[in-house]
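Residue numbers (this note's numbering), protein chains in the order written: chain V, 61 to 265; chain G, 61 to 265; chain Z, 61 to 265; chain P, 61 to 265. Heads up, the beta-carbon is just placed ideally off N, CA and C, and yes, glycines get one too.
Protein chains: 4
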Amino acid sequence: MPWQGRTKQDVLSEVRCAEILDAARGVFARKGYQAATMDDIAAATGVGKGTLYLYYRSKRDIYLAALERGLRAVCDITAAALDTAPTLEEKIRAFVLTKVQFFDDHRDFYRIYHAEFGNVVAHPSCLPPSVKQLYLGQVQQLEHAIEAARDEGRIRPVDPGKAAFAIFEITRGLIARRLLADPSLSAEAEGAFIVDLIWKGIANR
Amino acid sequence: MPWQGRTKQDVLSEVRCAEILDAARGVFARKGYQAATMDDIAAATGVGKGTLYLYYRSKRDIYLAALERGLRAVCDITAAALDTAPTLEEKIRAFVLTKVQFFDDHRDFYRIYHAEFGNVVAHPSCLPPSVKQLYLGQVQQLEHAIEAARDEGRIRPVDPGKAAFAIFEITRGLIARRLLADPSLSAEAEGAFIVDLIWKGIANR
Amino acid sequence: MPWQGRTKQDVLSEVRCAEILDAARGVFARKGYQAATMDDIAAATGVGKGTLYLYYRSKRDIYLAALERGLRAVCDITAAALDTAPTLEEKIRAFVLTKVQFFDDHRDFYRIYHAEFGNVVAHPSCLPPSVKQLYLGQVQQLEHAIEAARDEGRIRPVDPGKAAFAIFEITRGLIARRLLADPSLSAEAEGAFIVDLIWKGIANR
Amino acid sequence: MPWQGRTKQDVLSEVRCAEILDAARGVFARKGYQAATMDDIAAATGVGKGTLYLYYRSKRDIYLAALERGLRAVCDITAAALDTAPTLEEKIRAFVLTKVQFFDDHRDFYRIYHAEFGNVVAHPSCLPPSVKQLYLGQVQQLEHAIEAARDEGRIRPVDPGKAAFAIFEITRGLIARRLLADPSLSAEAEGAFIVDLIWKGIANR
DNA sequence: TATGAATGAGAATTCATTCAT
DNA sequence: TATGAATGAATTCTCATTCAT
């Protein structure tokens with residue numbers, strides 16, 4: 061087993077960072093970015109206020125780190141889901157189900173995620189490129205899958221980017237609704253509806 | 061000519077309110093809710109800071125009023141568009157085109173609108189019911205049209221609410237993209253794509 | 061009587077500024093720049109903390125304004141003293157006496173003055189040019205007087221700048237001593253000593 | 061060789077203290093007392109922050125120790141210079157030259173020295189008596205020399221204390237100027253000027 | 001002895017809201 | 001009705017000092 065060059069300090073530091081981000085995620089979700097105070101986050105983490113500044117340079121830094129952390133998890137999980145599914149139809153279903161499931165399990169993160177990417181439009185410059193890329197990466201995963209299917213003639217010759225975006229947005233809306241209302245329907249049923257809609261459209265015949 | 065019960069005072073007051081809301085919309089769009097100050101709004105309106113409090117009880121009140129004002133305009137315009145179009149296909153096209161057009165013309169309002177309804181999820185309780193109702197009303201307009209078409213057997217028997225929501229969300233995403241990137245494609249082309257997608261799906265045949 | 065273009069607002073504002081500076085001078089003198097807090101200054105002025113920021117942009121701004129205010133007074137008073145005195149001998153005496161007298165009357169200002177120009181050396185860049193110029197202006201007043209006397213052959217051909225600086229520094233030291241110890245000797249006697257020393261030196265004959 | 065009662069521990073401890081003070085002197089000179097942090101000093105010394113507290117009780121303690129250390133060096137060097145010079149004229153010259161030379165060689169210390177004794181006036185109580193005594197000791201050295209010369213009738217019957225103070229202050233001002241401007245003139249020339257001025261005054265004949 | 005992670009008191013600054021004019 | 005000067009609660013961030021290892 062190789063010595064990875066990580067000292068005990070590094071591990072401790074990483075754990076502390078994770079603790080802070082987990083606590084911060086909850087606080088940001090509950091109160092929103094502005095209303096969340098460093099005191100709140102410190103209390104939620106169970107450390108002193110000054111300690112936060114040993115690990116992050118500012119409140120904004122904590123926020124972005126928490127956002128990126130969650131986003132990376134979403135991307136990883138959806139990418140895996142897409143990779144596993146054999147056909148495009150299955151890929152779309154997997155994408156929807158996996159995301160719905162993830163946010164059902166991480167409701168507090170969704171509040172941050174949605175609030176922030178609602179604001180991307182309002183203030184496009186305020187997110188670091190790495191975070192933006194993670195966000196857009198989700199659409200690209202879908203896009204590639206659609207493009208491949210189209211090139212193989214398995215679907216109509218639609219614009220893969222736009223189709224991917226449509227699926228992405230419907231999924232987003234679905235998740236939002238499930239958070240507001242209780243998740244009335246099973247994720248499977250919701251996913252099935254979206255796949256059906258995207259696949260066949262609503263036209264008669 | 062009937063005496064409407066409105067004195068000259070009332071009219072003046074209404075005009076003042078509108079001035080404030082128009083100015084506030086620009087300020088909120090430019091700086092976001094938190095960063096916008098009452099001084100900014102007063103300066104943009106061309107009145108004293110104290111005057112704002114003669115017409116609105118708080119900064120939040122101004123914000124909500126500006127949001128509602130814009131939202132009402134969107135609802136009116138989409139409702140009219142839906143009413144005018146004869147078939148469901150035309151209604152969907154009209155819905156998409158009208159909304160895209162409206163926000164192309166009111167880019168600053170979109171920043172508020174989008175930021176706020178990105179946050180509906182995060183903080184569902186922070187919006188007054190009237191505003192929520194306006195927002196959801198847009199979906200219901202679509203929903204009714206779909207339901208009617210379904211009942212008449214003109215489309216497949218899909219869930220009207222979910223289908224309406226899907227269209228609503230795709231449109232929302234489209235508008236967001238157009239604000240970020242320059243509106244590269246014509247609104248017509250974008251609308252046509254969505255109608256086509258929703259209508260026929262992506263499946264071969 | 062001409063309308064000077066000053067509204068009542070301007071006058072009020074000026075009065076408020078002066079109140080703040082007077083209060084701040086005392087606070088800074090008592091506690092030093094760092095230890096003085098905005099709360100202290102607000103309390104000493106008798107206004108709210110926020111009010112200070114209506115008139116000055118920062119604590120540093122208040123400090124510099126208080127410094128400049130006092131410095132300008134010193135410069136004016138010494139310039140007048142030099143102008144009035146007929147001979148160089150009288151000018152030197154006037155310079156010393158006037159400054160000693162001024163700082164006897166404004167002990168708190170001296171604490172700021174001395175502390176700050178002790179620090180000029182340590183951090184030369186931290187004072188705005190206008191303040192530096194006021195400070196150095198005092199030496200130049202003396203220098204011109206000495207130069208004139210030298211050119212007229214009334215004193216030995218000494219370097220006027222260095223001689224002025226010497227007088228300036230001795231005076232400074234004298235004032236410092238008087239603030240530390242009680243002003244044991246009369247200002248006149250101290251002034252007489254300096255004039256005598258500078259004039260005749262200490263050599264026998 | 062006598063056992064001085066100093067263990068190896070003591071020696072080590074003394075060395076460590078000296079290392080800390082030397083490092084601290086540089087830090088305080090560069091950033092000033094307030095802006096200098098214990099982290100800065102620890103890093104400059106090359107030890108951990110906690111270690112500083114093994115040798116000094118507080119930041120202020122380190123500062124005062126660094127000040128005293130430098131001050132003692134100045135006093136020793138000027139005392140030696142005064143002792144060596146045969147006549148008062150030579151003593152004054154030696155005093156000026158030695159101090160100018162010392163601070164040319166220890167520019168960073170001068171920043172501390174000057175800043176602090178600029179503040180003696182402002183906050184007389186904040187320096188421990190030992191440090192004050194060292195500072196004033198410099199004047200007393202000069203004073204004794206002048207008193208002796210006066211008692212032997214070699215100079216005019218001036219007040220030795222005041223004359224010493226005058227020389228002391230002029231020297232101080234000279235050193236300050238040399239630190240601000242580049243040391244344009246040779247120390248010798250500056251010293252010669254001061255001796256000449258103090259000795260003969262500026263009067264014609 | 002040496003360390004540096006943790007702490008939390010403390011300070012500057014902002015800004016929504018009030019209210020005397 | 002209109003104003004804007006005044007207010008002070010609230011927030012972020014700093015850093016000297018402590019103490020467990």
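Using a Cβ-Cβ cut-off of 7 Å (strictly less than) and excluding sequence neighbours within five positions of residue i, which residues of its own chain qualify?
i	result
F177(Z)	Y195
Y170(G)	F163, I235, L239
F88(P)	A96, Y123, A126, I172
A141(P)	A154, F155, T158
A288(G)	For residue 288(G) there is no data in the structure shown, the boundaries of chain G being 61 and 265.
R32(Z)	Outside the shown range of chain Z (61 to 265) lies residue 32(Z), about which nothing can therefore be said.
V120(G)	Residue identity differs from the one stated: residue 120(G) is Arg in this sequence, not Val. Hits under 7 Å: none found.
Y93(P)	Y123
Could you tell me whether any non-hydrogen atom of the ligand GTP is closer than 7 Å to the CB of residue i?
i	result
R120(V)	Absence of the ligand GTP from the depicted structure is noted, as is the absence of any ligand whatsoever, leaving it without description.
Where does residue i land, buried or exposed, given buried means 16+ other C-beta within 10 angstroms?
i	result
T158(G)	buried
L114(G)	exposed
A241(P)	exposed
E212(G)	exposed
G110(G)	exposed
E248(Z)	exposed
D70(Z)	exposed
Q201(V)	buried
A78(G)	exposed
K68(G)	exposed
G261(G)	buried
A209(P)	buried
G233(G)	buried
P62(Z)	Because the pLDDT at P62(Z) is just 48, under 50, the model does not fix this residue reliably, and the point stays unresolved.
A133(Z)	exposed
G86(P)	buried
Q198(Z)	buried
So what's residue i in DSSP terms, helix, strand or just coil?
i	result
I262(V)	coil
Which same chain residues end up closer than 8 Å to residue i when comparing Cβ atoms and leaving out the 5 residues on each side of it in sequence?
i	result
V191(G)	L124, L127, E128, L131
G251(Z)	R153, V156, L157, V160
A102(Z)	G108, K109, T111, L112
For residue i, which residues of its own chain have a beta-carbon under 6 Å away from its beta-carbon, when the five flanking residues on both sides are left out?
i	result
T105(V)	E79, I80, A83
E203(Z)	P220, G221, A224
A145(V)	K151, A154
Got a sec: which bits of the stretch 219 to 248 of chain G sit with their beta carbon under 8 Å from any beta carbon on chain V, in order along the chain?
D219, K222, A223, F225, A226, F228, E229, I230, R232, G233, L234, A236, R237, L239, L240
Closer than 8 Å is the cut-off here; do at least three beta carbon pairs connect the stretch 224 to 238 of chain G with the stretch 67 to 74 of chain G?
no
Determine contact between the stretch 126 to 138 of chain G and the stretch 97 to 115 of chain G, defined as no fewer than three beta-carbon pairs at a distance below 8 Å.
no
Three or more C-beta pairs below 8 Å linking the stretch 145 to 160 of chain P and the stretch 253 to 264 of chain P
yes
If you measure beta-carbon to beta-carbon, which residues of the stretch 92 to 121 of chain Z are closer than 7 Å to chain P?
G92, Q94
What are the residues of the stretch 128 to 146 of chain P that lie near chain Z, defined by any Cβ-Cβ distance shorter than 7 Å?
none
The stretch 69 to 87 of chain Z: positions lying closer than 7 Å to chain P by Cβ:
none
Closer than 8 Å between beta carbons: that is the criterion. Which residues of the stretch 153 to 173 of chain V meet it against chain G?
Y170, R171, I172
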